[in-house]
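Peer 1: In our numbering, the protein residues as written are 380 to 447.
#1: So the alpha helix (DSSP H) residue 387 belongs to, where does it begin and stop?
#2: Classify residue 417 as helix, strand or coil using the three-state DSSP reduction.
#3: Between the Cα of residue 386 and those of 424, 438, 406, 443, spot the shortest distance and give me the residue it belongs to.
#4: If you draw a straight line from the alpha carbon of residue 429 to that of residue 380, how long is it in whole angstroms?
#5: Could you tell me whether the segment 411-427 touches the segment 387-400, using the rule of 3 or more Cβ pairs below 8 Å?
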């Protein structure tokens, strides 16, 4: 459930227009806007999950220190 929400958010914030498609084609790399958006989604998802993991660890540590 929560993973799908994070995935949806990662997809929503990726633009798909970060790369000049004509320049990629001239270099022999066939690329579409959908491919760029999917790659952006994967990168955004990774970064969001790392942020969630770090915040969870910090929150747990702070909570443990303040409960003593």
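By construction, the Cβ of each residue, glycine as well, lies at the ideal position given by its N, Cα and C atoms.
Peer 2: Concretely, from the data shown:
#1: 381-392
#2: helix
#3: 424
#4: 18 Å
#5: Cβ pair count under 8 Å is three or more, so yes.
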